[in-house]
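Input: a single structure, listed below in structure tokens.
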Amino acid sequence: GIQVEQSPPDLILQEGANSTLRCNFSDSVNNLQWFHQNPWGQLINLFYIPSGTKQNGRLSATTVATERYSLLYISSSQTTDSGVYFCATDSGGSYIPTFGRGTSLIVHP
Amino acid sequence: KAGVTQTPRYLIKTRGQQVTLSCSPISGHRSVSWYQQTPGQGLQFLFEYFSETQRNKGNFPGRFSGRQFSNSRSEMNVSTLELGDSALYLCASSRDSSYLNTEAFFGQGTRLTVV
Chain U
2 GIQVEQSPPD LILQEGANST LRCNFSDSVN NLQWFHQNPW GQLINLFYIP SGTKQNGRLS
62 ATTVATERYS LLYISSSQTT DSGVYFCATD SGGSYIPTFG RGTSLIVHP
Chain S
88 KAGVTQTPRY LIKTRGQQVT LSCSPISGHR SVSWYQQTPG QGLQFLFEYF SETQRNKGNF
148 PGRFSGRQFS NSRSEMNVST LELGDSALYL CASSRDSSYL NTEAFFGQGT RLTVV
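Just so you know, the protein sequences line up as chains U and S, in that order.
All the letters of the first sequence, read from the start, carry residue numbers 2 to 110 under the numbering used here.
All the letters of the second sequence, read from the start, carry residue numbers 88 to 202 under the numbering used here.
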């Protein structure tokens, strides 16, 4: 099946800093989505982005499907951005989502 | 409108027992999918139900099963519990059958501990 790798695994920032999270995938994809899991375990959709670029406030994401990667940008980070960021994708005809291992982000005040 | 509700939030069971978890989707959503999250394996897809039919199943043993009722509420069952089944179980609901999309909403999860 498709392999999904996220980097870095851990990230520690000071409030106000910018960051880039990366998601590499091993095959062409039907769908790709970024999630944020807050410290209480809830998963929140951030972006559905199988290709192209999207922005939502301080967050933006870009997927270059031909090169098999996606990037999540966080600008002017806030303590509430802390948590784990996952990308998930599926491939071929299965539509079964595969998640990366996530990037754990801690933003210090 | 009410979000996705999972019950119970926490559960402790003994090896060999069985457990049933419940997920009530957002009103109007017909797709419910289930995921297992463990420190070792990360987030893994269990299965998806759409209009009472299982549409997809992940790579889990037959001890893991589920069903969906006519009101779209879903239950998952794990029989003969093993220590490795300790995990956070998440469900997500969406209006249609594509669950990697912007309309999928997750519940807060059920944390199962097997002792």
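The C-beta atom is built at its ideal place from N, Cα and C for all residues, glycine as well.
Predicted model only: the values in this text are computed from it and were never measured.
- Under the DSSP assignment, residue 176 of chain S falls in the beta strand (DSSP E) whose first and last residues are 174 to 181.
- In the three-state reduction of the DSSP assignment, residue 80 of chain U falls in the helix class.
- Taking a cut-off of 8 Å for Cβ pairs, the segment 23 to 35 of chain U and the segment 97 to 106 of chain S do not touch, as fewer than three such pairs fall below it.
- For residue 122 of chain S, the pairing in a beta bridge is given by DSSP as S/132, S/177.
- By the C-beta density criterion, residue 156 of chain S is exposed, having fewer than 16 other C-beta atoms within 10 angstroms.
- In the assembly as shown, residue 183 of chain S is an exposed residue. Its beta-carbon has fewer than 16 other beta-carbons within 10 Å.
- An exposed status is given to residue 127 of chain S, since fewer than 16 other beta-carbon atoms sit within 10 Å of its beta-carbon.
- Taking C-alpha positions only, residue 164 of chain S is separated from residue 172 of chain S by approximately 12 Å.
- Judged by beta-carbon spacing, residue 7 of chain U lies beyond the 9 Å limit of residue 98 of chain U, meaning their Cβ atoms are not closer than that value.
- Counting only residues of its own chain and dropping the five nearest sequence neighbours on each side, residue 139 of chain S has a CB closer than 6 Å to the CB of 155.
- Setting aside the 5 residues that flank it on each side, residue 124 of chain S is surrounded in the same chain by 130, 174, 175, 177, each with a C-beta closer than 7 Å to its C-beta; the list follows chain order.
- By the neighbour-count criterion, in which 16 or more other beta carbons inside 10 Å mark a residue as buried, residue 149 of chain S falls on the exposed side.
- Per DSSP, reduced to three states, the secondary structure at residue 170 of chain S is helical.
- Using a Cβ distance threshold of 9 Å, residue 97 of chain S and residue 167 of chain S do not count as a contacting pair.
- Residue 46 of chain U: member of the beta strand (DSSP E) spanning 44 to 49, first to last residue.
- Boundaries of the beta strand (DSSP E) around residue 151 of chain S: 151 to 155.
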